[in-house]
Amino acid sequence: MRNNDIDKFLFENRAGFCAHYSSSFVFIMRLMGIPARVVAGYQGGELNPDSGHITVRQYDAHAWVEVWLENQGWDSVDPTAQVAPNRISLGLRQALAKGEEFLAGNNFSLIKLSHLAWLNGFRFQLDQLNYYWHQRVLNFNKNRQGSLLKEWFGNGVLKKSLYALATLFCLLFFSMAIMLLWRKPVARATLLGRTLVSFDKKIRRHQMQRKESEGLGDYSERLQLHFPQHALSIKRLFDQLQNFYFAKPMGRQFDAKAADEKQLAKNLLKMARKLSTLPAAKTALADDVGKTD
Numbered sequence: 467m468r469n470n471d472i473d474k475f476l477f478e479n480r481a482g483f484c485a486h487y488s489s490s491f492v493f494i495m496r497l498m499g500i501p502a503r504v505v506a507g508y509q510g511g512e513l514n515p516d517s518g519h520i521t522v523r524q525y526d527a528h529a530w531v532e533v534w535l536e537n538q539g540w541d542s543v544d545p546t547a548q549v550a551p552n553r554i555s556l557g558l559r560q561a562l563a564k565g566e567e568f569l570a571g572n573n574f575s576l577i578k579l580s581h582l583a584w585l586n587g588f589r590f591q592l593d594q595l596n597y598y599w600h601q602r603v604l605n606f607n608k609n610r611q612g613s614l615l616k617e618w619f620g621n622g623v624l625k626k627s628l629y630a631l632a633t634l635f636c637l638l639f640f641s642m643a644i645m646l647l648w649r650k651p652v653a654r655a656t657l658l659g660r661t662l663v664s665f666d667k668k669i670r671r672h673q674m675q676r677k678e679s680e681g682l683g684d685y686s687e688r689l690q691l692h693f694p695q696h697a698l699s700i701k702r703l704f705d706q707l708q709n710f711y712f713a714k715p716m717g718r719q720f721d722a723k724a725a726d727e728k729q730l731a732k733n734l735l736k737m738a739r740k741l742s743t744l745p746a747a748k749t750a751l752a753d754d755v756g757k758t759d
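Counting from 467, one number per residue, gives the positions in the sequence shown under the working numbering.
Here's what the structure looks like:
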């Protein structure tokens with residue numbers, strides 16, 4: 467309460483709720499030298515006949531007093547019971563049922579229409595749905611999970627069932643991992659992709675196939691070292707290949723790129739045939755990079 471609120475309550479207003487009576491009573495007890503304190507909690511609630519749970523709402527909040535008495539300790543005292551006993555025995559809702567003060571700021575509350583049987587039953591069903599949502603969804607913690615598993619599997623075989631499920635999950639996981647690692651990636655069936663495969667086959671006699679982890683640039687350098695007499699042509703061809711793969715065509719450039727792909731495929735096959743005709747023993751000739759084909 468604010469400054470002088472207790473004086474205003476005791477000597478001017480003389481009307482209020484449980485917090486006013488409790489705080490004023492504590493103030494008087496302390497003036498008399500008796501230790502006292504305000505205790506806040508809830509008093510009352512509403513029983514749901516369908517689910518059997520009790521709903522405690524904000525208007526069920528209540529405040530009372532505890533005073534310290536020698537040889538007894540803390541003793542509970544409720545000043546509100548001396549002024550409005552119906553508030554304690556019946557609750558705030560029943561105590562103000564005939565007046566307009568109860569839920570005056572909430573004209574659309576279903577509680578104010580509880581005198582209608584069908585609407586009151588609908589309100590209980592909504593309250594029951596909200597109760598189940600909190601109990602079975604929001605409060606679905608570790609303990610409730612364990613209880614549910616015990617209901618399904620029983621106490622004796624719970625651990626064995628969990629071990630079996632864990633083992634099955636591990637087997638499935640490792641089986642899928644092995645299948646993914648064992649299966650080789652499928653190359654894209656493009657024209658240049660098929661041509662590169664043919665290129666590898668044609669120069670296989672020179673043991674110069676492209677490695678799986680080898681890029682076009684590294685492969686080009688290796689071919690140039692192995693076939694120095696054609697190094698310039700190899701470099702030019704593979705530079706064109708890299709430009710083709712890493713270029714970003716837009717709009718009408720798609721048609722031009724398709725034509726470039728066909729021409730590159732022809733040049734690649736032509737180079738493969740040329741390299742395949744070289745004798746394997748004469749591929750390490752002196753470097754004449756400046757020589758044209």
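For every residue, glycine included, the Cβ atom is placed at its ideal position computed from N, Cα and C.
When DSSP states are grouped into helix, strand and coil, Ala550 belongs to the coil group. By the Cβ neighbour-count rule, Met642 is exposed, with fewer than 16 other Cβ atoms within 10 Å of its own. Membership of Ala697 in the alpha helix (DSSP H) is indicated by the continuous run Ala697 to Phe712. Taken through DSSP and simplified to helix, strand or coil, Ser542 comes out as strand. Cβ atoms of Val505 and Ala527 stay farther apart than 8 Å, at about 12 Å. In summary, Tyr508 is exposed, with fewer than 16 beta-carbon neighbours lying within 10 Å of its beta-carbon over all protein chains present. Looking at the backbone, the Cα of Ile520 and that of Phe635 are separated by about 42 Å. Exclusion of the five residues before and after Leu703 leaves Asn733, Leu734 and Met737 as the residues of its chain whose Cβ lies within less than 7 Å of its Cβ. CA-CA distance, Leu535 to Val549, rounds to 23 Å. Take the alpha-carbon of Ser488 and the one of Arg480: they are about 13 Å apart. Beta-bridge analysis with DSSP links Gly507 to His528. Under the DSSP definition of a beta bridge, Trp534 partners with Trp540.
The beta carbon of Ile700 sits closer than 8 Å to those of Ser686, Leu689, Gln690, Phe693 and Met737, all from its chain and outside the five residues before and after it, given in chain order. Nearest Cα to Pro545 within the set Leu646, His486 and Arg523: His486. By the Cβ-count criterion, Phe665 is buried, with 16 or more other Cβ atoms from all chains shown falling within 10 Å of its own Cβ. Bridge partners of Leu513 according to DSSP: Ile520. Collapsing the DSSP output to three states places Ala502 in a strand. Rounded to whole angstroms, the gap between the alpha carbons of Leu592 and His600 is 13 Å.
Membership of Leu682 in the alpha helix (DSSP H) is indicated by the continuous run Leu682 to His692. Secondary structure of Ser488 (DSSP, three-state): helix.
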